[in-house]
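Residue numbers (this note's numbering), protein chains in the order written: chain A, 274 to 574; chain B, 920 to 1336. Beta carbons: idealized from backbone N, C-alpha and C, even for Gly. Reviewing the structure listed below.
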Amino acid sequence: MSKYYLNYLDELESEAIFILREVWAQFENPVIMFSGGKDSILVTHLAKKAFYPAKIPFPLMHVDTGHNFPETIQFRDDVIEDLGVKLIIGSVQESIDDGRVAEEKGKNATRNALQITTLLDAIESNKIDCAIGGGRRDEEKARAKERFFSHRDDFGQWDPKNQRPELWNIFNGKHFEGEHFRAFPISNWTEMDVWNYIKRENIAIPSLYFAHEREVVWRQDTWIPNSEFLILEDHEEVVTKKIRFRTLGDITITGGDESEADTLEKIATEVAGMRNTERGNRSDDKRSESAMEDRKRQGYF
Amino acid sequence: MLDNNQLLRFTTAGSVDDGKSTLIGRLLYDSKSIFEDQLEAITNTSKKKGHKGVDLALFTDGLKDEREQGITIDVAYRYFTTPKRKFIIADTPGHIQYTRNMVTGASTANVATILIDARHGVIEQTKRHAFIASLLQIPHIIVCVNKMDLVDYSEKVYNDIVRQFEDISSKMLVTDVRFIPMSALDGDNVVNKSTNMPWYQGAPMLHTLETMHISSDINKVDARFPVQTVLRPQSEGFIDYRGYAGRVASGIFRKGDDITVMPSGFTSKIKSIDTLDAALEEAHAPMSVSITLEDDIDISRGDMIVRSNNKPEASQDIEVMLCWLNNDSAKPRAKYTIKHTSNDQKAMIKEVVYKYNINTLERVNDDKELNMNDICKVKIRTTKPLMVDAYRENRTTGSIILVDDATNETVAAGMIV
Ligand SMILES: Nc1nc2c(ncn2[C@@H]2O[C@H](COP(=O)(O)OP(=O)(O)O)[C@@H](O)[C@H]2O)c(=O)[nH]1
Ligand SMILES: [Mg+2]
């Protein structure tokens, strides 16, 4: 075989860098939506590559639900300091305090849906015309339909039945005042690709991804971490388990798996043998079969 | 997993109900790429809808409307990996009104799989899709003669369909066509070899996809580097750094190469090819790099760096095979934004030369209207030159899209003749 071809990880990397540069060239005021999870860390790493030797030329934005793992916030702040870029924070707590949204009630209450308002408010008030996300098409069936450049109307809504055709590597980011785009540079990556790449590049990720001892409660078929936000039912019991998280969301809804994988090597091996999708442990996606599509239409990540 | 695993992109085409979604579901299921919770979800839905077994097609139909109506509306992307390759599948809709989505899915594909219902043989929609595949110059075509279980696995039925298809494909520009008789529903010749069709000597579909030679799909001769953006770090160590960021569209660039910047025509030499990981001696398609030059010349987005001894044509008048993608028809002599690599210009459709009758594949000279799903040869005039190659030589520098300035929508896709 000729030496002039790329292996699949290099091709995915090159594609993502291309998209990031297109975003920078086509939009006035883009941001990377940074959650502290592995996908947004990956996008940030790729952005570093895309603009080297210059700094990443746009800010990172965190939609902070207030229900965080402390480790995630620490990690976020370290990344910002290391990159020397600006951080924009959209606060769900502020949206609640301002009466923009109302807190859900009950034991399974989450702030997941409330983020949509905070995100759209932050996009509007910071005049952001493109929010770059770490969404991947293999994550979820509604995400499988996403374009790389995904149009949002002036209410921030997605119209999946009326998406712009996206051909070859020509991306159309033209939009009217008040509208914005979401861009997904790692659309074509699978969970396995992400881990293989993180391992190959030795990218720093929060300690939560590695197996560690933690206080947890068995709920909805997964280990939910104990935290100040958790309301225990009578029959529920806090136990200590060695677990790791496969995805990171709010501390109130992100379930962990029992695991011994405490190195990137071991994680990659473990993920390769997984028989369930990574979002299977997130109660936000379990609410209904079209939970993600419904949220995305409204403007979710 | 092997380090040198390649990525293969393929698309599915065929008429409604030919079994595209079922085939993909089967490929994923038999190659063990479906997760248990996904299987559980579609098993439940299958039961609710009164299916006998598991309807594997549900695996690709992701939108609410699609699940309710049981059809594919928009392109869905699926991924799977075998020890030999990583695959990206674009599952595209068969309905006529969604042809634009088929074109979308096909534009980046190495392989087009075209499904044919064995009971119906080659029909209009098959012709249309084969034509689109040839127009988009998809290097390889696999014709899946599906639902063989419904025609008693008949070799004669299969051979007749092969002949019918060859009849139409001989009139098109397709080079590599293969045929596979299968039952997507039962999994015959998808991942596993069928025991019902001993007369078929070829490989099942997955093996074919895994072993197909795709390295030569990329143009390695004509070095083209569209500049996406200019990198000026102005930080310590890089005060005078001026890098041209882009992705090699085709060919190979080496340090020290004599280059010309188009359209200005300035010449220089490549000083360095940079990435965060290392400075490189050479870069080939489709690598994303930053190139610096020996001389300080004015270069910006939309310019193209090429090797001085092999230049594309710089032209304001191009002939394009255009596929109209939008509900709103083209307005006579209307102006559009034309997007070509990283270059945006204003453009006008000067003339519709002819239109294809998609059913007979004949040229029609007296109908000059451009409606949704029409495929026409047109003449386009741009306000500034584009640096173009013929699409059949170069899928990147030979393709354009048109954007309607009134709606900002992508209204047409074109291949430069
Ligand atoms: N008997 C039989 N039925 C099939 C086969 N492949 C698909 N089908 C059925 O044909 C119908 C349409 O299939 P689907 O995959 O949704 O077609 P699509 O519209 O091309 O995506 C479904 O009822 C499938 O179960 C096959 O090989 N044999
Ligand atoms: Mg289908």
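Cβ-heavy atom distance, residue i to ligand 1, below 7 Å
{"i": "residue 939(B)", "result": "yes"}
{"i": "residue 1104(B)", "result": "yes"}
{"i": "residue 976(B)", "result": "yes"}
{"i": "residue 1034(B)", "result": "yes"}
{"i": "residue 374(A)", "result": "no"}
{"i": "residue 935(B)", "result": "yes"}
{"i": "residue 946(B)", "result": "no"}
{"i": "residue 1068(B)", "result": "yes"}
{"i": "residue 1065(B)", "result": "yes"}
Span of the beta strand (DSSP E) around residue i
{"i": "residue 1000(B)", "result": "995-1000"}
{"i": "residue 1055(B)", "result": "Neither: residue 1055(B) is in no beta strand (DSSP E) and is coded neither H nor E."}
{"i": "residue 454(A)", "result": "453-456"}
{"i": "residue 441(A)", "result": "Looking at the DSSP string, residue 441(A) is not in any beta strand (DSSP E), and its letter there is neither H nor E."}
{"i": "residue 468(A)", "result": "Premise fails: residue 468(A) lies in the alpha helix (DSSP H), 464-474, not in any beta strand (DSSP E)."}
{"i": "residue 379(A)", "result": "It is not in any beta strand (DSSP E) - residue 379(A) carries neither H nor E in the DSSP assignment."}
{"i": "residue 1193(B)", "result": "1186-1193"}
{"i": "residue 1322(B)", "result": "1318-1322"}
{"i": "residue 1177(B)", "result": "1177-1181"}
{"i": "residue 306(A)", "result": "303-306"}
{"i": "residue 512(A)", "result": "512-518"}
Per DSSP, the bridge partner or partners of residue i
{"i": "residue 1036(B)", "result": "1065(B)"}
{"i": "residue 1145(B)", "result": "1223(B)"}
{"i": "residue 1172(B)", "result": "1202(B)"}
{"i": "residue 1281(B)", "result": "1276(B)"}
{"i": "residue 1306(B)", "result": "1233(B)"}
{"i": "residue 1098(B)", "result": "1062(B)"}
{"i": "residue 1165(B)", "result": "1146(B), 1208(B)"}
{"i": "residue 537(A)", "result": "According to DSSP, residue 537(A) bridges with nothing at all."}
{"i": "residue 482(A)", "result": "DSSP lists no partner for residue 482(A)."}
{"i": "residue 1336(B)", "result": "According to DSSP, residue 1336(B) bridges with nothing at all."}
{"i": "residue 1257(B)", "result": "1264(B), 1321(B)"}
Length of the line joining the Cα atoms of residue i and residue j
{"i": "residue 1253(B)", "j": "residue 301(A)", "result": "28 Å"}
{"i": "residue 1111(B)", "j": "residue 973(B)", "result": "19 Å"}
{"i": "residue 544(A)", "j": "residue 527(A)", "result": "17 Å"}
{"i": "residue 1163(B)", "j": "residue 311(A)", "result": "29 Å"}
{"i": "residue 1308(B)", "j": "residue 1021(B)", "result": "24 Å"}
{"i": "residue 347(A)", "j": "residue 358(A)", "result": "16 Å"}
{"i": "residue 350(A)", "j": "residue 1303(B)", "result": "46 Å"}
{"i": "residue 1286(B)", "j": "residue 1275(B)", "result": "10 Å"}
{"i": "residue 384(A)", "j": "residue 994(B)", "result": "31 Å"}
{"i": "residue 1317(B)", "j": "residue 529(A)", "result": "49 Å"}
{"i": "residue 1271(B)", "j": "residue 1283(B)", "result": "10 Å"}
{"i": "residue 1064(B)", "j": "residue 331(A)", "result": "51 Å"}
{"i": "residue 458(A)", "j": "residue 1082(B)", "result": "43 Å"}
{"i": "residue 1039(B)", "j": "residue 567(A)", "result": "38 Å"}
{"i": "residue 932(B)", "j": "residue 1055(B)", "result": "13 Å"}
{"i": "residue 340(A)", "j": "residue 391(A)", "result": "14 Å"}
{"i": "residue 540(A)", "j": "residue 483(A)", "result": "8 Å"}
{"i": "residue 1293(B)", "j": "residue 432(A)", "result": "24 Å"}
{"i": "residue 1076(B)", "j": "residue 1119(B)", "result": "13 Å"}
{"i": "residue 1130(B)", "j": "residue 491(A)", "result": "46 Å"}
{"i": "residue 1191(B)", "j": "residue 402(A)", "result": "34 Å"}
{"i": "residue 535(A)", "j": "residue 509(A)", "result": "28 Å"}
{"i": "residue 1211(B)", "j": "residue 1194(B)", "result": "11 Å"}
{"i": "residue 417(A)", "j": "residue 943(B)", "result": "14 Å"}
First through last residue of the alpha helix (DSSP H) which encompasses residue i
{"i": "residue 651(A)", "result": "Because chain A in this structure spans residues 274 to 574, residue 651(A) falls outside the shown range and cannot be described."}
{"i": "residue 1234(B)", "result": "Not the alpha helix (DSSP H): residue 1234(B) falls in the beta strand (DSSP E), residues 1232-1243."}
{"i": "residue 1151(B)", "result": "Here residue 1151(B) belongs to no alpha helix (DSSP H), and DSSP marks it neither H nor E."}
{"i": "residue 239(A)", "result": "Residue numbering for chain A in the displayed model covers 274 to 574; residue 239(A) lies beyond these limits and cannot be assessed."}
{"i": "residue 1328(B)", "result": "Looking at the DSSP string, residue 1328(B) is not in any alpha helix (DSSP H), and its letter there is neither H nor E."}
{"i": "residue 943(B)", "result": "939-949"}
{"i": "residue 421(A)", "result": "From DSSP, residue 421(A) is part of no alpha helix (DSSP H); its letter is neither H nor E."}
{"i": "residue 1077(B)", "result": "1074-1088"}
{"i": "residue 929(B)", "result": "Here residue 929(B) belongs to no alpha helix (DSSP H); instead the beta strand (DSSP E) covers 925-933."}
{"i": "residue 1019(B)", "result": "1018-1025"}
Check: residue i C-beta below 7 Å from any heavy atom of ligand 4
{"i": "residue 1331(B)", "result": "As far as ligands go, the structure on display features ligand 1 and ligand 2 and does not contain ligand 4."}
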